[in-house]
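Q: Residue numbers (the numbering used here): 926 to 1288. All C-beta atoms, glycine included, are put in the ideal place defined by N, C-alpha and C. This structure is in structure tokens; I'll ask about it shortly.
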Amino acid sequence: MSLPVLPTTMVGSYPRPAWFTQQLAGKDVLEAFKLAGHAEAFHDATRVVIKDQELAGLDILSDGQMWFDDYHMGIGSFLWYWLERTEGFGNEKLPHPARGKAKGRDVWALDEAGGVAVVGEIKRGPVRMELLYRWAQRHTEKPIKACIGAGPVQLSTLAHFKSGPVKNRYELSRALADVFRAEIGEVVAAGCKHIQLEDLGAWMPHLSGEKDYDWVTDIVDRTMSEIPQGVDRSWHFCMGNAWGNKLEGMTAGGYREIMPHYHNVKIDAYVLDFACREMEDADLLRKIPSDKKAHVGVIDVRTLEIEHPEQVAERVRKVLKHIEAERVTLTTDCGLKQLPRTVAIEKLRALAEGAAIVRRELR
């Protein structure tokens, strides 16, 4: 399916329908779905949220991540879905390892996220990314984007190293990258043409030192290395979204400070938050390598206010001062899970209508 100029999409998660209350609670979906009611509700919810995106007018869709539970942080399953289904981790939510160094509301955000014990060798478990993709793609003729994360770097920062062969975050992130790469490979083999890695570990060197920019680049490359040409490989590193709150200490200074360090990473596109800062730093898009594109956030998911289409169009115009339209996909800043569904669909409608305004201007 061909895409228009300035194609529209969203980042990952979407609000659950009010009637979908079942929780996986760490189970393999194939175990949980032995309960007919849970399986039926999940598949109905996935179909409904895909339909919401179609009705809103998006071009590239998400499954809405109905496999996320209603954990702390609003998007806690963004972390825990992987931790619960990858061998080598404990089951308990522990304090975040960096809590003692955090300040202000970041302390609360890290309490929401929590930490996890590493207790053994890191191996693949029943994550089922390929199955989740196939279940979603059957509901639409439009392409489904597989949103993969939280990624290896971010997950490695949650770890308390209790036992087993893995001794530090560098070893853990490499082991996790191998797990992620295998999952991604199966999704691509199933026909997926849009892979979005979600890993805000991009910000870690801002706290741990410049030496770690090479580490982050290596892990992202290791994770995405076997994706063939013809599949769009994007990397989303947002500014944090714990119940709509950014991580202030980690993301101070915005993208301007960190982006130059990732110009050589082996991806096709960066997925970046701009709407929540009214397009601050948009000029840095002028400097990204010519072989890379930008998925630009023009919908602020951290507020309940629904954008006007013309407001979205003006954000897009600001972007196009710095980068060609052919290199831009329009997206939300982050996932929408913690919004009311009625607000979420209207935000997506504004995204699609704002894009249409600018497309007409480009003709």
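Report buried or exposed for Glu-1135, applying the criterion of at least 16 other Cβ atoms within 10 angstroms of its Cβ.
A: The residue in question, Glu-1135, is exposed, as its Cβ has fewer than 16 Cβ neighbours within 10 Å.
Q: So what does DSSP say about Val-1041, is it helix, strand or coil?
A: The answer is strand: DSSP assigns Val-1041 an E or B state.
Q: Does DSSP put Cys-1259 in a helix, a strand or coil?
A: Residue state, collapsed to three classes: coil.
Q: Could you spell out the range, first to last residue, of the beta strand (DSSP E) harbouring Gly-1015?
A: Counting along the chain, Gly-1015 falls outside any beta strand (DSSP E), and DSSP gives it neither H nor E.
Q: From what residue to what residue does the alpha helix (DSSP H) around Asp-1143 run?
A: 1136-1149 is the extent of the alpha helix (DSSP H) around Asp-1143.
Q: Would you call the region 1157-1175 and the region 1089-1102 in contact, with 3 or more CB pairs under 8 Å?
A: Short answer: they don't touch.
Q: Kindly identify the DSSP beta-bridge partner or partners of Arg-1158.
A: Partner(s): Ile-1120.
Q: Bridge partners of Thr-1254, per DSSP?
A: Thr-1254 is bridged to His-1220.
Q: At the level of alpha carbons, what is the spacing between His-1161 and Leu-1125?
A: In a straight line, the C-alpha of His-1161 is about 7 Å away from that of Leu-1125.
Q: Step through the CB atoms of chain B and report whether any lies within less than 8 Å of the CB of Glu-979.
A: Absence of chain B from the displayed structure is noted, only one protein chain being present.
Q: For Ala-1238, which residues in the same chain have their Cβ closer than 6 Å to its Cβ, ignoring the five residues on either side in sequence?
A: The residues are Gly-1279, Ile-1282, Val-1283.
Q: List, from N- to C-terminal side, the beta strand (DSSP E) runs of 3 residues or more that fit wholly inside the region 1023-1098.
A: Whole beta strand (DSSP E) segments, 3+ residues: 1041-1048, 1071-1074, 1084-1086.
Q: Which value, in whole angstroms, describes the spacing of the CA atoms of Met-1129 and Ala-1219?
A: Cα to Cα, Met-1129 sits roughly 21 Å from Ala-1219.
Q: Compute every distance between the C-beta of Glu-1271 and the non-hydrogen atoms of the ligand PLP, then say whether any falls below 7 Å.
A: In the structure shown, the ligand PLP is absent, as is every other ligand, since no ligand is present at all.
Q: Taking a contact to mean a Cβ-Cβ separation below 8 Å, would you say Gly-1178 touches Ile-1000 in this structure?
A: Not closer than 8 Å, so no.
Q: Specify the secondary structure class of Val-931 as computed by DSSP and reduced to three states.
A: Note that residue 931 is Leu in the sequence shown here, rather than Val. Leu-931 falls in the coil class under three-state DSSP.
Q: At which residue ranges does the region 1157-1204 contain complete beta strand (DSSP E) runs of 3 or more residues, listed in the order of the chain?
A: List check, beta strand (DSSP E) in window: 1157-1161, 1194-1197.
Q: Quick check on the DSSP output: the alpha helix (DSSP H) that includes Gly-962 runs from which residue to which?
A: From DSSP, the alpha helix (DSSP H) with Gly-962 extends over 961-981.
Q: With a cut-off of 8 Å on the beta carbons, I'd call Phe-993 and Lys-1262 a contact; round off their distance for me.
A: Between Lys-1262 and Phe-993 the Cβ distance is about 6 Å, and since that is below 8 Å, they are a contact.
Q: So what does DSSP say about Ser-1133, is it helix, strand or coil?
A: If DSSP states are grouped into helix, strand and coil, Ser-1133 belongs with the helices.
Q: I want to know whether the region 1223-1239 touches the region 963-978 - three or more CB-CB distances under 8 Å.
A: Touching, no.
Q: What does DSSP give as the partner residues of Ser-938 in its beta bridges?
A: Gly-989, per the DSSP bridge assignment.
Q: Alpha carbons only, please: which of Leu-928, Cys-1163, Thr-971 is nearest the one belonging to Ala-943?
A: Nearest option by C-alpha distance: Thr-971.
Q: Quick one: what's got a C-beta closer than 7 Å to Lys-1092's C-beta in the same chain, skipping five residues either side?
A: Only Phe-1086 meet the Cβ criterion.
Q: Could you check which residue in Pro-932, Asp-1258, Arg-1059, Glu-1286 has the C-alpha nearest to that of Tyr-939?
A: Looking at the Cα atoms, Asp-1258 is the closest of the given residues.
Q: For a test of the three-state rule: what should DSSP assign to Thr-1228, helix, strand or coil?
A: Residue state, collapsed to three classes: coil.
Q: Return helix, strand or coil for Thr-1267, following the three-state DSSP convention.
A: Note: Thr-1267 maps to helix in three-state DSSP.
Q: Using a Cβ-Cβ cutoff of less than 6 Å, which residues in the same chain neighbour Ala-966 once the five nearest sequence positions on both sides are dropped?
A: These residues qualify, in order along the chain: Phe-945, Gln-947.
Q: With DSSP as the reference, label Ser-1215 as helix, strand or coil.
A: Coil.
Q: Considering only the beta carbon of each residue, do Met-1164 and Asp-1198 sit closer than 8 Å?
A: Yes, they are a contact pair.
Q: Distance check for Arg-1147 and Trp-1140, CA to CA, integer angstroms please.
A: The straight-line gap from Cα to Cα measures roughly 10 Å.
Q: Measuring alpha carbon to alpha carbon, tell me which residue in Leu-1229, Leu-1264, Lys-1217, Asp-1208 is nearest Arg-1240.
A: Of the candidates Leu-1229, Leu-1264, Lys-1217, Asp-1208, the one whose C-alpha sits nearest the C-alpha of Arg-1240 is Asp-1208.
Q: Can you give me the C-alpha to C-alpha distance between Ser-1088 and Lys-1048, rounded to a whole angstrom?
A: Rounded to the nearest angstrom, the two C-alpha atoms are 15 Å apart.
Q: For the alpha helix (DSSP H) containing Gln-948, list its first residue and its last residue.
A: Neither: Gln-948 is in no alpha helix (DSSP H) and is coded neither H nor E.
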